[in-house]
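S.K.:
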Amino acid sequence: MAEMRFRQIAGHSILDEIQAVRLDKAKELLKNSSLGISAIANFCGFKAANALWKFFRQETGLSPTEWRRQSAR
119 MAEMRFRQIA GHSILDEIQA VRLDKAKELL KNSSLGISAI ANFCGFKAAN ALWKFFRQET
179 GLSPTEWRRQ SAR
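Those letters in the sequence shown? Residues 119 to 191, per the working numbering, in order.
1. So for SER189, helix, strand or coil by DSSP?
2. Just confirm the distance between the C-beta atoms of GLY163 and ARG140, as a whole number of angstroms; I'd bet it's less than 8 Å.
3. Buried or exposed: where does ILE158 fall if 16 or more other Cβ atoms within 10 Å of its Cβ makes it buried?
4. Mind checking which residues open and close the alpha helix (DSSP H) that includes MET193?
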């Protein structure tokens, strides 16, 4: 019921929203902090750094480290 209502209002699933927020937070931390990938993964609710790495690469086409380097330009 909540999922259907959320989808009607937002146009996407609750899981999609959670993942978008996690990705945005990871990007923010990669760009604006010197935290390591493990700390960022933990902060964003991933069980391990490799889970963040896989998710980030799937969503952006870049590893978190590659994205950090590019965003620093």
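By construction, the Cβ of each residue, glycine as well, lies at the ideal position given by its N, Cα and C atoms. Please read these numbers as outputs of a predicted model, since none were measured by experiment.
M.R.: Considering the structure as presented:
1. If you number the sequence shown from 1, residue 189 lands on position 71. In the structure shown, SER189 sits in a helix (DSSP, three-state: H, G or I).
2. Counting from one through the sequence shown, the residue named residue 163 turns up at place 45. Counting from one through the sequence shown, the residue named residue 140 turns up at place 22. Yes, GLY163 and ARG140 are in contact; Cβ-Cβ is about 6 Å, under 8 Å.
3. By one-based count along the sequence shown, residue 158 stands at place 40. The residue is buried, with at least 16 neighbouring Cβ atoms inside 10 Å.
4. Limits of the chain in this structure are 119 at one end and 191 at the other, which puts residue 193 out of reach.
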